[in-house]
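First the structure, in the form of structure tokens, and then the observations on it.
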Amino acid sequence: MRRYLLGRLLQTLVVVFLVTTASFVLVHLAPGDPFALEDPRASAEVRARWRAEFGLDRPLPEQYVRYLGNVARGNLGWSISHQRPVAHAIADALPRTLLLVGVGGALALLGGIALGVYQSLRRGSPVERVVSGATLVAYSLPDFWVAIVLLLVFANWIPVFPAGGVVDPVMHDYLSFGGRIADRLHHLVLPAATLALIAAAGIARYQRTALLEVLGADFLRTARAKGLPERRVVLRHALRNALLPVITLAGLMIPALFGGAVFVEKVFSWNGMGLLAVNAIAARDYPLVTASVAMGGIVVAVGSLVADLLYAVADPRLREGSA
Amino acid sequence: MTDPLLEVEDLHTYFYSENGVARSVDGVSFTVGRGETVGLVGESGSGKSVTALSLLRLIRAPGRIEPGSRVRFEGKDLLALSEEEMRRMRGNRVAMIFQEPMTALNPVFTVGEQIAEVSRIHEGTSRRDAWKRAIEMLELVGIPAPEQRAKEYPHQLSGGMRQRVVIAMALVMNPALVIADEPTTALDVTIQAQILELLAELQQRTGMSILLITHDLGVVAETCSRVLVMYGGEIVEEAPVGVTFASAHHPYSEGLLGAMPRVGGEQERLATIPGTVPAPTNWPTGCRFHDRCPYAWERCAQEHPPLYQIGVGHVSRCHLADEPGRRDRRHPPLVEAVAGPGGVAQGSPPGERDNVKDRKALS
Amino acid sequence: MSAPSDALPAAGLWHRLWRQRRARIALMVLATLALLALLAPVIAPYEPTAQRDIIGMKSQPPSLAHPFGTDQFSRDVLSRMLHGARISLSVAVLAVLLSATVGTAYGAIAGYRGGRLDAVMMRLLDGLLAIPRVLLLLGILGVWPMVSLPVLILLLGGTGWFGVSRLVRAEVMAVARRDHVTAARALGAPDHRLLLRHILPNAITPVLVAAALGVGGVVVLEAGLSYLGVGVRPPHASWGNIIQDGSTDLYLRWWMSLFPGLAIVITVLACNVVADALRDAADPRHLPRAND
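Protein chains in written order, with the numbering used here: chain F, 274 to 596; chain P, 760 to 1122; chain G, 4 to 295.
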């Protein structure tokens, strides 16, 4: 187990390193000057600072080393469109994305597992068939479209939820503590539901297959022969085994969730990393674009590492070696 | 004689599918007495495992124990019990040991937990007490350092140890009957012997009865007092073990004995029974063994033989009991005549068939 | 999931696929879409870029003359969707072809060679798989806004092969151990022949499943990227950028979000159904059983 942990940690570090390097490469490959020396939005003192920090007139390898050093120190450059350090913009946006993905992912996992279990247990019943069909359709929906439809329906035609934003732009600061929490939750519902809907459908399908497979296993026959009640056989013996592949899937879904978050943030004007990146692209703010994309990649890598660790804890076969 | 522990009467278990009805168990009756070890012998496809599962009512759709079957255990008809009452019998008064210990154990729970579970479910014992009992059971089945072992997972144990765990699980509640379905087939020969010894010892100690299901006559010789031979979903011979090995009556039993490898003694080749086991969806008419039998005659193809009494506690489902003279007239069985020696019926490509004809014409 | 080498070879695959009713329906839906896309220039009621009445026809909701309405540039949405179908579908198919080819090659080499080479290739793959495809594409397209369609296809295809290669590697490793391969090798067949003629044809099924899923996936991905403004650029129409055009006034021009979205959903649904059916067709457990 320890070896496995170290291996995964190493792998994550390598990914982080690759992503950082890739963003450096991208910035310098971009057409036009990456640090936009001609860009009127960058004042003279900003350019001077850049030249000093990033060594823009030095040879490329040296720039690279400086870049790495800067990144390690948390200096990711200056955002032209926001007129402040990139690192600050990211630091503001990242928690909001984490909140969205965290809540959406948790909902997806719970809902998806429950749905998957239901589908495999009630297999063949007319209700299950409908549910399975609906799950298939849900799984096929593009996230940004679901977001748009939900927005249209629940924020416009039946105005139940706000049309976007993380908090109410006007009222939020005047609300009580409880009111502010409620306001945040109110704004969180639609975006999180969008993410959760599609992810849950995917998880449900996978869980259904996994559970169906386990249901045919020999050790369940043993459990029944021991005189265990059917409910215990399924919920404790079967499910415990069927959950394992789903945890792996959940881990694998983390990249997909973050990918989907980009679109959801755009539709709901949720000021997270995704929206930051998208706006930065439109504004041709290259340092911000590459930094936010790179940061997204790093977050995903770390998330996957955590998921893998959780799986290793859950599956006893991975914990110690086999006899 | 005291009441038998288990009385199976006319058990029929059928499986329904689009390919037809598979009559896997087609009228099986036998008894198991208290403290007895009875062997149920047959090849795969004979219906022996299905019989075992039927006794515990572990047959699921599309299989079904047909009405008219009766399984009386400790005086109660198991087939008439409610599902809940039956559940309380399983693992408690009747227990089962399966063939493949690796797949029989749940890989995500420790062996201790899996054993403890039995007493917690049936007796409601506390966690701690159940765990203690589990350790006792592990000791009983001869696993060294049971306190440590109990905390281990199935994949950490060897095959023989896993099977001991399975036996421990079965014996927690001191059942009166243990059904062992090929308990040693998946194990090495040396471990096999150990497991059989263990079972015998445990039987001495607890007085439980064992229904041992196997295809291996060697195992039967070691452990059983009475032997039931199954073929084609039916019992074709029943006899005390000594009689079975010394003077088996049914041609199929003969065939099985002839096919047994024996250490020492001269033997040129292992005799095989030509042909293959028929499919339960399509049992042959008359005697189900007739097309593979070296003694069969017309009656055998038409008339389904009943169980004839041969001696004390010895019955055989064979018309030879009625016409013993026929035993002198051995001949190649029907399957060989149709398909050639080796007996496996196959369609041969046209070219080959011509060769055979030519050869015959030449000879 | 069943072990890789359990899958039946591609031999009777089409047959078993066609036998499933849902597969027939899905394939016909896809064929219809493809046909519509192909015939777009002929059947579209208007030119996709035609602005026949710039003032009067602006942002009209669906009507008889314009079944899917018009956009803010007075262009007929239905015609744009038909032409958009050409782009969206062909981009998806070509990108998937690319991913499938690259992925199969990568996986086959890794799986066949094994050893150190395999370990290195897989490590690299793990690293690549960790990066969300959307972010990767955003990163690249973000600094290169003006990509042409062929480059877009290259990028989409070039980011979609990671999963396929893993699958192929597993299959190749399983098939390579089979007897018929050893026999061929004993007869002196060179590596590449073994791979191409003996191993790959048996390993092809998961690639087909992944391809079916992939087409749906790329359609969504391209639409999403176009929606964000970095995919297919105007004046080309794609389902995604029609939605993008509509997004500037979402509530007013709802038809511009609804109809292209439905088209995407139908396409992806059909692809997923085909993929499911393919998976079932390849699963030996679904064969009629001999007596157990």
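A virtual CB, placed ideally from N, CA and C, is assigned to each residue, including glycine.
Excluding the 5 residues flanking it on each side, Arg-816(P) has same chain C-beta neighbours closer than 6 Å at Met-845, in chain order.
Gln-247(G) counts as buried, since no fewer than 16 other beta carbons sit within 10 angstroms of its beta carbon. At a Cβ-Cβ threshold of 7 Å, Leu-765(P) and Leu-930(P) do not count as neighbours. Taking a contact as a CB-CB distance under 8 Å, the pair Arg-1086(P) and Leu-1079(P) counts as one, their CB atoms being some 6 Å apart.
Distance check between Asp-182(G) and each of Ala-173(G), Ile-202(G), Gly-163(G) places Ile-202(G) closest, using alpha-carbon atoms only.
In the DSSP assignment, Phe-832(P) falls within the unbroken beta strand (DSSP E) covering 829 to 832. Taking 8 Å as the Cβ-Cβ cut-off, the stretch 961 to 986 of chain P has no residue approaching chain F. Residue-level contact by beta carbon holds for Thr-495(F) and chain P, with a gap shorter than 7 Å.
In this structure, Ile-954(P) keeps its C-beta atom at 7 Å or more from the C-beta atom of Val-787(P). Nearest in C-alpha terms to Leu-291(F), of all of Gly-489(F), Arg-509(F), Trp-351(F), Gly-570(F), is Gly-570(F).
In summary, Thr-408(F) is buried, with 16 or more beta-carbon neighbours lying within 10 Å of its beta-carbon over all protein chains present. What Arg-513(F) touches in chain P, judged by beta-carbon distance under 8 Å, is Asn-865, Val-867, Phe-868, going in chain order.
With 16 or more other Cβ atoms inside 10 Å of its own Cβ, Phe-868(P) counts as buried.
Within its own chain, the residues whose Cβ lies closer than 6 Å to the Cβ of Thr-790(P), once the five positions on either side in sequence are excluded, are Pro-763, Glu-766, listed in chain order. Interface annotation, Phe-531(F): in contact with chain G, CB-CB separation under 7 Å. Apart from sequence neighbours up to five positions away, the residues of its chain that approach Gly-1045(P) with a beta-carbon distance below 6 Å are Cys-1059, Ala-1060, Gln-1061, Glu-1062, His-1063, ordered along the chain. With the criterion set as a beta carbon lying under 9 Å from some beta carbon of chain F, the members of the stretch 113 to 129 of chain G are Arg-126, Asp-129, in sequence order.
Of the candidates Ser-168(G), Val-277(G), Pro-193(G), Ile-46(G), Ile-46(G) places its Cα closest to the Cα of Met-84(G). DSSP places Met-932(P) in the coil class of the three-state scheme, outside both helix and strand. Scanning its chain for C-beta atoms nearer than 6 Å, with the 5 sequence neighbours on each side dropped, one finds around Val-288(F) the residues Ala-574, in chain order. Pro-589(F) has a beta carbon lying within less than 7 Å of a beta carbon in chain P. For Gly-533(F), the enclosing alpha helix (DSSP H) stretches over residues 512 to 540. With a cutoff of 7 Å on beta-carbon distance, Ala-214(G) and Ala-103(G) are scored as near each other.
Under the criterion of beta carbons closer than 8 Å, Ala-240(G) and Pro-70(G) do not qualify as touching, at roughly 16 Å. When CB distances to chain F are screened at a threshold of 7 Å, the residues of the stretch 263 to 274 of chain G falling below it are Gly-264, Ile-267, Val-268, Val-271, Leu-272, in chain order.
The DSSP-derived three-state label of Thr-790(P) is strand. Put simply, of Val-338(F), Pro-589(F), Ile-520(F), Arg-478(F) the residue whose alpha carbon is nearest the alpha carbon of Val-410(F) is Arg-478(F). The C-beta of Gly-389(F) comes no closer than 7 Å to any C-beta of chain P.
The criterion of a C-beta distance shorter than 7 Å is satisfied by Val-374(F) and Leu-530(F). Within the stretch 547 to 564 of chain F, the residues whose Cβ lies closer than 9 Å to any Cβ of chain G are, in chain order, Gly-547, Ala-550, Val-551, Ala-553, Ile-554, Ala-555, Arg-557, Tyr-559, Val-562, Thr-563. Ranked by how close their Cα comes to the Cα of Ile-143(G), the residues Ala-587(F), Leu-282(F), Val-537(F), Phe-297(F) have Phe-297(F) in first place. If you look at Tyr-1054(P), you'll find it isn't in any alpha helix (DSSP H); DSSP assigns it neither H nor E.
Below the 7 Å Cβ cutoff, chain F contributes no neighbours of Asn-933(P), its closest Cβ being approximately 13 Å away. When 9 Å is used as the limit between beta carbons, Asn-544(F) is near no residue of chain G, the shortest such separation being about 16 Å. One finds Pro-528, Ala-529, Phe-531, Gly-532, Gly-569, Gly-570, Val-573 in chain F with Cβ atoms closer than 8 Å to the Cβ of Pro-135(G), taken in chain order. Residue pairing of Thr-73(G) in beta bridges, as defined by DSSP: Asp-79(G).
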